[in-house]
Amino acid sequence: SLAAPTPGLPQDEPLFSIRQIPLEVFSGFAKTSRLFLHLTIAEKDTLVIRKNPFAKPQTGVFITASSQEKLIALIKKNAPKIIKEFKLSEIKERQRRTKKSKLRLDSLPSAFGLTLEIPSAYHIAKSEPDFYWIRKELKSGHTNIIIYQVPINTIPQDSTALQEIIKMRDDVAGKQLPVEDGDIFITEEAYPPYITSTTIDAKFAFETKGTWEIKNQWMAGPFVNYAIKDTLNNRYLILEGFTYAPSSSKRDLQLELESILKSVKIK
5 SLAAPTPGLP QDEPLFSIRQ IPLEVFSGFA KTSRLFLHLT IAEKDTLVIR KNPFAKPQTG
65 VFITASSQEK LIALIKKNAP KIIKEFKLSE IKERQRRTKK SKLRLDSLPS AFGLTLEIPS
125 AYHIAKSEPD FYWIRKELKS GHTNIIIYQV PINTIPQDST ALQEIIKMRD DVAGKQLPVE
185 DGDIFITEEA YPPYITSTTI DAKFAFETKG TWEIKNQWMA GPFVNYAIKD TLNNRYLILE
245 GFTYAPSSSK RDLQLELESI LKSVKIK
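Letter by letter, the sequence shown follows residues 5 to 271 in our numbering.
See below:
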């Protein structure tokens, strides 16, 4: 459902923060909400997704059914489609805002043959020919983006893909991300990540979500990793976003990272 836990977070946070209001007071400021679900009891069972019906940007889902039971059934049946539309709308809105104030990354196209739209609040923490680390400081913690590439045969398109992605990210992050006292940055072992396939910049990609930790320290947080298959350049391009924010909710922080990573254009 729309209030189900967000995948890939260390603590349960709902996919969406839901506020229920009666139809008779759905007016004024309430009608300007970026996302809304409009439910009505009527003769026909219908579901319509509309863009910008009362404001811009906005996505509204209008559902009618002849009874409350049928209304609930329609919502459950179409929940994956509704969630996909709502999330896509939120990502596009964040990308639109980023365009207004972007971080300049002049060396990124030549290093990796790509462009990425990143908000100006981020800064380059590490820049090497084969590895980029970009970071934003928070009041308590930070959000991070890392970029690198591996040979295309590193990740097989079979049941061992997740195992190889974990091995790859632990190896690269362990070498490239500085940690005190000789500890290492790894994928959390207690809660295995989950993996799915997707499309980014018209290319096949693995999406992996899970939790990272620093071994022997009380530091951990969520990550999202995209391994994009770039056949033309015989590589997997790796884009990852991870958060350390022990005293904050992490859903919206990870959504920002996801919107940044999905803005990639490979040349």
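Positions of the beta carbon are idealized from the N, C-alpha and C atoms, including for glycine.
Have a look at E217 and Y195 and give me their C-alpha separation to the nearest angstrom.
-> 11 Å
Taking just the CA atoms, how far does K143 sit from P250?
-> 11 Å
Secondary structure, beta strand (DSSP E): runs of 3+ residues fully inside the segment 40-107 | 50-55, 63-69
Would you identify the three-state DSSP class for S131, choosing helix, strand or coil?
-> strand
Opening and closing residue of the alpha helix (DSSP H) in which D174 lies = 165-180
Quick one: is R101 buried, meaning 16 or more other Cβ sit within 10 Å of its Cβ, or exposed?
-> exposed
C-beta contact flag for F58 and T44 at 8 Å | no
F2: which of A165, R108, L109 sits nearest, CA to CA?
-> Only positions 5 to 271 of the chain appear in this structure, which leaves residue 2 out of reach.
Could you please give the first and the last residue of the uninterrupted alpha helix (DSSP H) stretch that includes S263?
-> 255-265
Report the rounded CA-to-CA distance for L181 versus P61, giving the unit in angstroms.
-> 38 Å
Report yes or no: do the segment 38-53 and the segment 109-127 share at least 3 C-beta pairs separated by less than 8 Å?
-> no
First through last residue of the alpha helix (DSSP H) which encompasses F227 = Segment 224-234 is the beta strand (DSSP E) holding F227; no alpha helix (DSSP H) there.
May I ask which residues mark the beginning and end of the alpha helix (DSSP H) holding A115?
-> 112-116
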